[in-house]
Structure formats: structure tokens, C-alpha cells
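In what follows, a structure is listed as C-alpha cells, so that the remarks can point back to it.
Protein chains: 2
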Amino acid sequence: MTDFSLYIGGKPTMSYVTNVVMYFTTQNAEAVIIKSRGKFISSAVEVAEVIQKQFLKDKVIISDVKIDSQELIAKDGKKVRVPTMEISLTKTD
Amino acid sequence: MTDFSLYIGGKPTMSYVTNVVMYFTTQNAEAVIIKSRGKFISSAVEVAEVIQKQFLKDKVIISDVKIDSQELIAKDGKKVRVPTMEISLTKTD
Chain A
62 MTDFSLYIGG KPTMSYVTNV VMYFTTQNAE AVIIKSRGKF ISSAVEVAEV
112 IQKQFLKDKV IISDVKIDSQ ELIAKDGKKV RVPTMEISLT KTD
Chain W
62 MTDFSLYIGG KPTMSYVTNV VMYFTTQNAE AVIIKSRGKF ISSAVEVAEV
112 IQKQFLKDKV IISDVKIDSQ ELIAKDGKKV RVPTMEISLT KTD
């Protein structure tokens, strides 16, 4: 099974929604993982919700939500904890 | 059992971290729910991670993450989907 996943960045929500919908429809994906970190986590939740409740309503569900974080060293030497998230969308059948 | 929960807004991360740590330590909470919506979702994940991996490491785990959304009508009459999130933190024992 091909692994479908995408990273959420600063593009408009609908751009990512379209990508994911294409994976499920034209590329026949069984599952897609939406990855995000830092301030883009909120957008990732929005993308997943718009797909589940509007574009692929009853066809795709949010099957898993994982949160985690990484500790990074900033330029000034300070430690920063950056949150990350993975949302799994799965086809219902 | 008393229900402990808090909403994440625009205050500094450490202010919410302190609140949650107080619930678990001085108020003896067994579980705390961290609620957020829209752009504050990213901060909520950060708060939960800082608690689980630093302040209450090995004492508290993230036991559940729920995402959802509400459709609201904006002032201009447009429909807007606002994402929401609930993170449950539970004492390990």
C-alpha cells in the first residue's frame, strides 16, 4: 500500500483540502496522514475537519490523532519545545 | 470526582502550564482536560507536551486527543468552520 501523507504549511486551507481529496479520489488512497508542527497545527485540524465534515462526509473519518514534540536549540542557545501532530484520515467502507 | 478543565487563550504558555500543574499537585486532580479552538489549538498542544515531557514527566500522560469543529456564521454572512480540540491529561499510578 502506498503511503500518502502531507505537511501543512502556510498555504490557504483549501489548497491542502484539495490535495487530500485528490489522494482519496483520483489516487485511490485508503488512508492519508496530515502532518504539522508549531503554529500550523491549528490549520491541520481545520483541513482534517473540512474533509471529514464537508468534502468527503461519510466517506472518510479521522481515525487517529497523535501529538508529540521535539526539543530544539534556538539560535540564541535557548531550548524550545516544538509541538507536532499527525492526523490519520481513513476511508470508511 | 471534580472535573478539572481549562480553556487556552492568548496568555503565555507557562501561565497555563502552571495552572494545570497546580490542579494535579495542590488540588489532587486525577485528570485535567485542556480545551482550545482556532489558532489557540497549537498552544494547547504545546502546553500538554511541556507538562507531559517536562514538569510532570512520568507522573501524567496524554490519555486522549479529540478534534472537532463548529460551523459558525461570520458577520459578513459567510459560513466559517472553526476547529476545536480537547486534550485529556491523566495521572499515571
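In order, the protein sequences belong to chains A and W.
For the first sequence, the working numbering begins at 62 and goes up steadily by one.
For the second sequence, the working numbering begins at 62 and goes up steadily by one.
Backbone N, C-alpha and C fix where the C-beta goes; we use that ideal spot for every residue, glycine too.
As the structure is a computational prediction, the values presented were derived from the model and not from experiment.
Can you name, in chain order, every residue of its own chain whose Cβ lies under 6 Å from the Cβ of residue i, other than the five neighbours on each side?
{"i": "Gly-99/W", "result": "Val-143"}
{"i": "Tyr-68/A", "result": "Lys-96"}
{"i": "Val-141/A", "result": "Leu-133, Ala-135"}
{"i": "Gly-71/W", "result": "none"}
Return the chain-ordered list of same chain residues with a C-beta closer than 7 Å to the C-beta of residue i, the five sequence neighbours on each side being excluded.
{"i": "Val-111/A", "result": "Thr-74, Val-78"}
{"i": "Ser-66/W", "result": "Val-93, Ile-94, Lys-96"}
{"i": "Leu-117/A", "result": "Val-82, Phe-85"}
{"i": "Lys-139/W", "result": "none"}
Can you tell me the Cβ-Cβ gap for residue i and residue j, rounded? I've got them flagged as a contact below 8 Å.
{"i": "Ile-148/W", "j": "Ile-122/W", "result": "Rounded, the Cβ-Cβ distance is 11 Å, inconsistent with contact."}
{"i": "Ser-76/A", "j": "Ile-102/W", "result": "No, Ser-76/A and Ile-102/W are not in contact; Cβ-Cβ is about 19 Å, not under 8 Å."}
With which residues is residue i paired in a DSSP beta bridge?
{"i": "Phe-65/A", "result": "Val-93/A"}
{"i": "Lys-127/W", "result": "Glu-147/W"}
{"i": "Gly-140/W", "result": "The residue asked about is misnamed: residue 140/W is Lys in this sequence, not Gly. For Lys-140/W, which the question treats as bridged, DSSP gives the partners Ile-134/W."}
{"i": "Lys-152/W", "result": "Val-121/W"}
Leaving out the 5 sequence neighbours to the left and right, which residues in its chain are closer than 8 Å to residue i when beta-carbon positions are compared?
{"i": "Lys-152/W", "result": "Phe-85, Ala-90, Glu-91, Ala-92, Lys-120, Val-121"}
{"i": "Gln-113/A", "result": "Val-121, Ile-122, Ile-123, Leu-150"}
{"i": "Val-126/W", "result": "Met-146, Glu-147, Ile-148, Ser-149"}
{"i": "Asn-80/W", "result": "Leu-67"}
Which stretch, first to last residue, makes up the alpha helix (DSSP H) that contains residue i?
{"i": "Ala-105/A", "result": "102-111"}
{"i": "Phe-85/W", "result": "74-86"}
Using a cut-off of 7 Å between C-beta atoms, extract the partners of residue i located in chain B.
{"i": "Pro-144/W", "result": "The structure shown contains no chain B; its protein chains are A and W."}
I want to know whether the segment 101-118 of chain A touches the segment 124-138 of chain W - three or more CB-CB distances under 8 Å. yes
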